[in-house]
Amino acid sequence: MEKSGSVDSLGSKRSSSRQPSVDSLSSTSTSRSDRSAQAKPLFAMSSESVATSAELSPEFRVRSLHVKPKTAAKVFRDSGKEEPQLLPNEAVQDMAQDVTYFCPFIGALSGTVLVTNYRLFFRCMDREPAFVLDLPLGVVSRVEKIGGASNRGDVSYGLVCKDMRNLRFAHKQMEDTLRKSIFEVLVKFAFPVSNGLQIYAFEYGQVFPENGWKVYDALSEYKRQVFFFLNDHICLMLREAHCIAVLCVYVCFLKGIPNESWRITKVNDHYEVCDTYPSTLAVPVNIPDEELKRVAAFRAKGRIPVLSWIHPESQATVTRCSQPMVGVNGKRSKEDEKYLQAIMDANAQSHKLFIFDARPSVNAAANKMKGGGYESEDAYQNAELVFLDIHNIHVMRESLRKLKDVVYPNIEDSHWLSNLESTHWLEHIKLILAGALRIADKVESGKTSVVVHCSDGWDRTGQLTSLAMLMLDGYYRTIRGFEVLLEKEWLSFGHRFQLRLGHGDKNHTDADRSPVFIQFIDCVWQLTRQFPAAFEFNEYFLVTILDHLYSCLFGTFLCNSEQQRLKEEIPKRTVSLWSYVNSQLEEFTNPMYVNYSNHVLFPVVSLRHLELWVGYYIRWNPRMRPQEPVHQRHKELLAKRAELQKRVDELQREVTNRSASSSSERTGSPTRSITPVQTFV
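When we follow full-length UniProt numbering, the leftmost residue of the sequence shown carries the number 1, and every step to the right adds one.
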């Protein structure tokens with residue numbers, strides 16, 4: 001390879017409606033067709049510099065205790081305002097006129113607020129163009145009353161959002177009853193799980209040309225990883241006429257067995273060994289299922305070391321797991337030691353195993369008091385333990401809170417760098433990238449197998465393995481490959497999306513919440529900045545993923561594990577985000593992409609080469625936003641490239657025709673001498 005620089009109530013049944021569950025952040029909304037308009041969970045904010053508005057539908061489909069459909073539509077028509085286009089099964093729940101929105105960039109704006117079971121929609125017609133705020137309720141972290149009546153006689157309330165925004169609205173004091181009504185509806189539908197309702201994703205039901213639930217298949221992905229390795233060996237054996245050996249390898253390939261050292265096990269088929277792992281696992285071929293169960297007893301939450309990725313040439317592997325349960329007494333497990341030895345032996349090119357512990361060594365040692373800990377190099381022969389010093393979810397949550405204070409609503413230019421440094425956000429990004437780089441380097445350059453874990457193996461472990469695989473394997477740098485990466489390393493391996501994001505849950509102080517996945521996407525963005533031609537997807541693709549992390553429009557990021565998603569029937573009852581993405585790939589394609597599938601990316605992880613992702617964290621500030629969206633510019637570049645390619649094709653045909661014509665003339669006129677001309681296009 002070349003080198004280059006509790007969820008049970010999520011879909012609780014009420015009435016006879018469909019059920020899904022999802023989260024999403026939102027971006028500016030501009031519709032291109034009826035299909036895409038319905039697809040987009042558009043939470044937009046238009047301002048004096050960038051104006052956006054949602055598409056509008058001719059009438060409301062309303063199921064509301066507070067507002068009757070005809071009344072709502074009439075109010076908008078009489079006031080010259082148009083109602084927003086509603087998504088499938090989206091229903092207006094309440095609305096109010098003469099509401100003041102305190103925009104931090106423009107000032108107080110008076111308009112109409114409409115609340116549905118999916119979003120809050122505010123529209124001010126007093127500006128040209130009209131100001132629109134379109135906010136999916138899944139983005140709301142908490143709704144809070146702000147004191148009593150203000151000096152202006154207003155009664156106000158605020159929305160603290162998960163996507164870096166704080167919004168404030170006020171009603172006239174004489175309309176306090178209406179304000180209470182809006183407030184109650186917001187609380188009810190922003191936190192459906194806490195109120196015994198189902199998340200809107202179970203209602204959505206939009207149909208797309210592509211079925212995103214079919215993007216990932218575990219067996220197919222394991223086969224893909226070893227295809228090149230098997231192909232090389234099959235060609236070699238064919239040359240040597242070892243037909244029986246060829247047949248054996250081919251049969252193994254069809255059965256989904258990666259190679260002679262790794263096998264597929266169904267020991268977790270019913271999630272009995274580990275309820276946070278996928279049902280399909282790849283393990284060393286010489287470790288029987290009964291032994292796997294004993295290894296699981298020694299690993300936190302039963303998360304045994306299993307295969308994530310195998311090098312197609314050297315057979316060096318990336319395996320992931322949770323911490324060993326050694327405790328303060330230094331407990332050992334012969335089965336676990338034998339298991340890690342089997343992982344090392346599966347790689348014939350190295351007689352050493354690197355164990356990367358994502359935690360700071362002090363934290364790992366402290367875990368011994370809770371029964372956890374780390375591998376002793378005395379117990380694990382030929383293994384080297386490396387601590388990567390990445391902090392826990394609580395530190396990351398506090399770091400993001402500080403970052404929000406720095407970037408929203410206003411940026412203090414005179415202290416920008418020192419304020420940004422005080423958040424330590426980029427330092428955390430650096431440590432994650434540096435850890436992933438060390439893993440990728442050991443696998444690629446050192447041809448050494450690695451084991452990666454943190455405490456439970458579903459937060460920092462997922463960050464490290466997926467980033468290392470992104471550096472090592474060009475397939476994951478394609479749009480569909482990246483979707484597979486997320487489905488495999490994050491969703492199937494049990495990242496606790498429900499707990500980390502708090503979908504539909506009003507308990508905003510929950511200690512389990514943390515921006516682990518946001519950090520990962522930030523790291524991916526940093527890679528795209530250093531290798532702009534290495535990724536098939538653009539920045540808009542990454543922002544869209546983060547927008548739908550909270551929107552609760554799609555079912556992709558619901559629940560905490562594969563088992564829970566199957567129990568809730570998420571693939572049957574909700575729409576996949578990838579259905580939406582893969583139905584309009586041109587929106588998310590990087591026009592500069594060059595498919596160097598065998599290139600390994602080794603990024604520079606110095607703080608000097610990292611930068612704050614303005615396109616995500618500061619996108620709500622109109623003064624920081626580009627006048628032309630980046631993805632729109634990418635679309636124009638793609639169109640220009642297609643136009644130039646068409647012209648090249650025409651010129652090539654013209655050259656071919658002229659060449660044929662000249663040849664014909666020479667044949668018909670033997671006395672004529674023609675000097676051949678070679679044309680390069």
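Each residue gets a CB set at the ideal place from its N, CA and C atoms; glycine is no exception.
Point to revise | Selected residue, minimal CA-CA separation from histidine 391, among Glu421, Pro360, Trp309 | key: Indexing the sequence shown from 1 puts residue 391 at position 391. Minimum Cα-Cα distance from histidine 391 among the listed residues Glu421, Pro360, Trp309 corresponds to Pro360.
Check your understanding: Is the stretch 358-376 close to the stretch 473-482, with three or more CB pairs under 8 angstroms?
Key -> Contact fails: fewer than three Cβ-Cβ distances are below 8 angstroms.
Exercise for review: At 3 residues or longer, and completely inside the stretch 565-606: list those beta strand (DSSP E) runs for me, N to C.
Suggested key: 599-601
Practice item. Measure the beta-carbon distance from valine 451 to leucine 307 and round it to whole angstroms, keeping in mind my assumption that it falls under 8 angstroms. Key: Here residue 451 corresponds to residue number 451 of the sequence shown, with the count starting at 1. Here residue 307 corresponds to residue number 307 of the sequence shown, with the count starting at 1. That pair is no contact at about 11 angstroms.
Check your understanding: According to DSSP, what are the bridge partners of lysine 145?
Key -> The count along the sequence shown starts at 1 and reaches residue 145 at position 145. Partner(s): Tyr157.
Check your understanding: Three or more C-beta pairs closer than 8 angstroms, one from the stretch 533-552 and one from the stretch 566-576: is that the case here?
Key -> no
**Study point:** Inter-stretch contact (C-beta, 8 angstroms, three-pair minimum) for the stretch 441-460 and the stretch 606-625
**Key:** Not touching, per the Cβ criterion.
Exercise for review: From the DSSP output, in three-state form, read off isoleucine 439 for me.
Suggested key: For the purposes of this step, residue 439 is taken as the residue at position 439 of the sequence shown. It is helical.
Review point. To which residues does DSSP link arginine 299 through a beta bridge?
Key: Numbered from its first residue, the sequence shown carries residue 299 at position 299. Arginine 299 pairs with Pro324.
Point to revise | alanine 282 (DSSP reduced to helix, strand or coil) | key: Numbered from 1 along the sequence shown, position 282 holds the residue referred to as residue 282. Here alanine 282 sits in strand by DSSP.
Check your understanding: For the beta strand (DSSP E) that alanine 108 lies in, which residues bound it at each end?
Key -> Here residue 108 corresponds to residue number 108 of the sequence shown, with the count starting at 1. Its beta strand (DSSP E) spans residues 107-116.
Exercise for review: Please name the residue or residues paired with threonine 265 in a DSSP beta bridge.
Suggested key: Within the sequence shown, residue 265 is the residue found at index 265, counting from 1. The partner list for threonine 265 (beta bridge, DSSP) reads Leu281.
Exercise for review: May I ask you to report which of helix, strand or coil DSSP gives tryptophan 620?
Suggested key: Position 620 of the sequence shown holds residue 620. Of the three classes helix, strand and coil, the one that applies to tryptophan 620 here is coil, per DSSP.
Review point. Could you give the residue range of the beta strand (DSSP E) that holds tyrosine 101?
Key: Position 101 of the sequence shown, counted from the start, is the residue given in the question as residue 101. Residues 92-103.
Check your understanding: What is the DSSP secondary structure of isoleucine 521, counted as helix, strand or coil?
Key -> For this step, residue 521 is matched to residue 521 along the sequence shown. In the structure shown, isoleucine 521 falls within a helical segment according to DSSP collapsed to helix, strand and coil.
Exercise for review: Using DSSP bridges, identify the partner residues of alanine 201.
Suggested key: The residue given as residue 201 occupies position 201 in the sequence shown. Alanine 201 pairs with nothing; no bridge assigned.
Review point. Identify the residues that DSSP records as bridge partners of arginine 123: which are they?
Key: Position 123 of the sequence shown, counted from the start, is the residue given in the question as residue 123. According to DSSP, arginine 123 bridges with Thr112, Val132.
Exercise for review: Please report how far the alpha carbon of serine 47 lies from the alpha carbon of cysteine 124, in whole angstroms.
Suggested key: Within the sequence shown, residue 47 is the residue found at index 47, counting from 1. Within the sequence shown, residue 124 is the residue found at index 124, counting from 1. The predicted model places serine 47 with a pLDDT of 36, which falls under 50 and marks its position as unreliable, so this point remains unresolved.
Review point. What separation, rounded to the nearest whole angstrom, lies between the Cα atoms of isoleucine 287 and glycine 435?
Key: The residue you call residue 287 lines up with position 287 of the sequence shown. The residue you call residue 435 lines up with position 435 of the sequence shown. Cα-Cα distance, rounded: 29 angstroms.
**Study point:** lysine 338, enclosing alpha helix (DSSP H) - first and last residue
**Key:** For the purposes of this step, residue 338 is taken as the residue at position 338 of the sequence shown. Note, lysine 338: alpha helix (DSSP H), 334-345.
Review point. Relative to the C-alpha of aspartate 275, which residue among Val581, Gln632, Ser561 is closest?
Key: The residue labelled residue 275 in the question sits at position 275 within the sequence shown. Checked all of Val581, Gln632, Ser561; the closest Cα to aspartate 275 is Ser561.
Practice item. Determine the extent of the alpha helix (DSSP H) in which residue 687 is found, giving its start and end residues. Key: Any question about residue 687 goes unanswered here, given that the chain covers just 1 to 681.
Review point. Just the Cα atoms here: how many angstroms apart are histidine 634 and asparagine 590?
Key: Indexing the sequence shown from 1 puts residue 634 at position 634. Indexing the sequence shown from 1 puts residue 590 at position 590. Each residue's alpha carbon lies about 7 angstroms from the other.
**Study point:** DSSP-derived helix/strand/coil call for lysine 635
**Key:** Numbered from its first residue, the sequence shown carries residue 635 at position 635. Helix at lysine 635.
Exercise for review: Give the DSSP-derived three-state secondary structure of glutamate 313 in the structure shown.
Suggested key: The sequence position of residue 313 within the sequence shown is 313, counting from 1. Residue state for glutamate 313 is assigned as coil, using DSSP reduced to three classes.
Check your understanding: Using 8 angstroms as the Cβ pair cut-off and three pairs as the minimum, do the stretch 130-149 and the stretch 113-122 touch?
Key -> yes
Review point. DSSP on lysine 172, reduced to helix/strand/coil?
Key: As a first step, residue 172 is located in the sequence shown; it is residue number 172 there, counting from the start. Note: lysine 172 maps to strand in three-state DSSP.
**Study point:** Proximal residues to asparagine 195 (C-beta, below 6 angstroms), its chain only, five neighbours per side dropped
**Key:** Walking along the sequence shown from the start, residue 195 turns up at place 195. In chain order, Lys188 place their CB closer than 6 angstroms to the CB of asparagine 195, counting only its own chain and leaving out the 5 sequence neighbours on each side.
Review point. What's the gap between the Cα of leucine 426 and the Cα of leucine 612?
Key: Here residue 426 corresponds to residue number 426 of the sequence shown, with the count starting at 1. Here residue 612 corresponds to residue number 612 of the sequence shown, with the count starting at 1. Using only the alpha carbons, I get a separation of about 7 angstroms.
Exercise for review: Compute the distance between the beta-carbons of threonine 100 and serine 181, then report whether it is under 9 angstroms.
Suggested key: The sequence position of residue 100 within the sequence shown is 100, counting from 1. The sequence position of residue 181 within the sequence shown is 181, counting from 1. The answer is no: Cβ separation not under 9 angstroms.
Practice item. Compare the Cα-Cα distances from threonine 574 to each of Ala170, Glu203, Leu197 and report the closest residue. Key: Numbered from its first residue, the sequence shown carries residue 574 at position 574. When only C-alpha atoms are compared, the closest one is Glu203.
Check your understanding: Which same chain residues, not among the five before or five after phenylalanine 541, have their C-beta less than 6 angstroms away from its C-beta?
Key -> Residue numbering aside, residue 541 sits at position 541 when the sequence shown is read from its first letter. Counting only Cβ-Cβ distances below 6 angstroms, and skipping sequence neighbours, we find Phe588.
Exercise for review: Determine the extent of the alpha helix (DSSP H) in which alanine 364 is found, giving its start and end residues.
Suggested key: Against the sequence shown, residue 364 aligns to sequence position 364. Counting along the chain, the alpha helix (DSSP H) containing alanine 364 begins and ends at 361-366.
Exercise for review: State the DSSP-derived secondary structure class of isoleucine 244, mapped to helix, strand or coil.
Suggested key: Mapped onto the sequence shown, residue 244 falls at position 244. Confidence at isoleucine 244 is low in this model, with a pLDDT of 49, below 50, so the placement of that residue is unreliable and no value is reported for it.
Review point. Are leucine 470 and valine 524 closer than 9 angstroms when you measure CB to CB?
Key: Locating residue 470 in the sequence shown gives position 470, where the first residue counts as 1. Locating residue 524 in the sequence shown gives position 524, where the first residue counts as 1. The answer is yes: Cβ separation under 9 angstroms.
Practice item. Using beta-carbon positions only, say whether serine 333 and arginine 303 come within less than 9 angstroms of one another. Key: Sequence index remark: in the sequence shown, residue 333 carries index 333 (1-based). Sequence index remark: in the sequence shown, residue 303 carries index 303 (1-based). No. Outside cutoff.
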